[in-house]
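The structure appears right after this line, and notes come after that.
2 protein chains.
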Amino acid sequence: MYINFNYICFMNSNSMLKGSIQTIILKLLAHQEKMYGYEISQKVKEITNGQIILKEGALYPALHKLEADGFLETYTEVFENRVRKYYSLTKEGKKETALKLSDAKDFIANLQLLLNLKIAD
Amino acid sequence: MYINFNYICFMNSNSMLKGSIQTIILKLLAHQEKMYGYEISQKVKEITNGQIILKEGALYPALHKLEADGFLETYTEVFENRVRKYYSLTKEGKKETALKLSDAKDFIANLQLLLNLKIAD
DNA sequence: TTTATATACATAGTTTTATTATGTATATAA
DNA sequence: TTATATACATAATAAAACTATGTATATAAA
């Protein structure tokens, strides 16, 4: 019988569950009270000068999951004959945003430690 | 029989790690001529103070893929009755390392742009 | 002396997540 | 009339990591 106790009670940025899309969405909504999906995709494109594109096939399922998990709430609005579905953070969503941001920053710091190693001369 | 208690304190996987494992491996091998799998996993753990754990189920398949893609070459050595499989960068692997590092740094920069937005007062 | 930990590799099966491709619908510019 | 932009949605697929095993040796702890 083999029991592996290696990781019990070690703090670990592996707890950073989802990819960064959820974190990005949550952070944008922490910055701006309410946004609709297309607006989020455009904002990401704008901020990153077109270098990060949140594709619809990733964006909408991510929004639906965040809503299903209770982190986002929605209402729809019609603007110039087009439906917009606005998302905003719930109370739980605000907690989750702080957690995910903290994890993301830890992860980035660790990744930089790993990737900035000096190459031997 | 094998009982794995890995998930007692963190139930989640590290999804931001998704996509960066290959880059991390390549960078470590750019820094240190040759390394074997277990050594790589320990090095990552050491550099990140145990905060990033390259699990075997991710590490070994990643090494095999990098080798299959022609970026790594290997030889085995027996040390104290245990087999070690050493990996090192091929010429193509060195080019790939530079590419992946550049991409990773761009991504980190963009992610920081997105995540460091000021929250409205 | 049995159990646990560490070293060292491997992989089948599953889950998660993003991409690709497609669909609906309206408005406007070419 | 076509292409592009706005606005949402999702099925099918692919990629990547995780879960949970397996093999094997050596040593420390109970």
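Protein chains in written order, with the working numbering: chain L, 361 to 481; chain G, 361 to 481. The beta carbon of each residue, even a glycine, is placed where N, CA and C say it ideally should be. Model, not experiment: these values are computed from the prediction.
Is it true that the CB of L/ASN470 sits closer than 7 Å to the CB of G/ILE412? yes
Straight-line CA distance for L/MET395 to G/LYS405? 39 Å
Cβ pair count under 8 Å reaching 3, the region 410-430 of chain L against the region 443-459 of chain L: yes
For L/LEU474, which residues in chain G fall below 8 Å Cβ to Cβ? ILE384, LYS387, LEU388, VAL404, ILE407, THR408 and ILE412
Report yes if the CB atom of G/THR434 is closer than 7 Å to the CB atom of G/VAL443, and no otherwise. no
Distance, G/LYS387 Cα to L/ASN364 Cα: In this prediction, L/ASN364 has a pLDDT of 30, which is less than 50 and means its spatial position is unreliable; nothing more can be read from the coordinates.
Please identify, using Cβ separations under 9 Å, the residues of the region 460-471 of chain G that lie next to chain L, in order along the chain. LEU461, ALA464, LYS465, ASP466, PHE467, ILE468, ALA469, ASN470 and LEU471
Can you tell me the Cα-Cα spacing of L/GLY457 and G/LEU474, whole angstroms? Per the sequence shown, the amino acid found at residue 457 of chain L is Thr instead of Gly. Their Cα atoms are separated by approximately 13 Å.
Report the residue from L/THR408, L/LYS415, L/ILE400 and L/ALA464 whose alpha carbon sits nearest the alpha carbon of L/LYS445. L/ILE400
Just the Cα atoms here: how many angstroms apart are G/GLU393 and G/GLY379? 23 Å
Please list, in chain order, all residues of the same chain as G/ALA390 whose beta carbon is under 6 Å from its beta carbon, the five residues on each side excluded. THR457
Can you tell me whether DSSP reads G/LYS445 as helix, strand or coil? strand
Between the region 424-456 of chain G and chain L, which residues of the former have CB atoms less than 9 Å from a CB of the latter, in chain order? none
Counting only beta-carbon separations shorter than 7 Å, does L/LEU419 have a partner in chain G? no
Would you tell me roughly how many angstroms separate the C-alpha atoms of G/ASN409 and L/SER448, rounded to the nearest one? 36 Å
Can you confirm whether G/MET395, when its beta carbon is compared against all beta carbons of chain L, has any partner nearer than 7 Å? no
Taking G/SER380 as the query, report the chain L residues whose CB atoms sit under 7 Å from its CB, ordered along the chain. LEU471
Using the DSSP secondary-structure output, state which residues sit across from L/PHE439 in a beta bridge. L/ARG442
Test item: CB-CB of G/ILE468 and G/ALA422 under 7 Å: no
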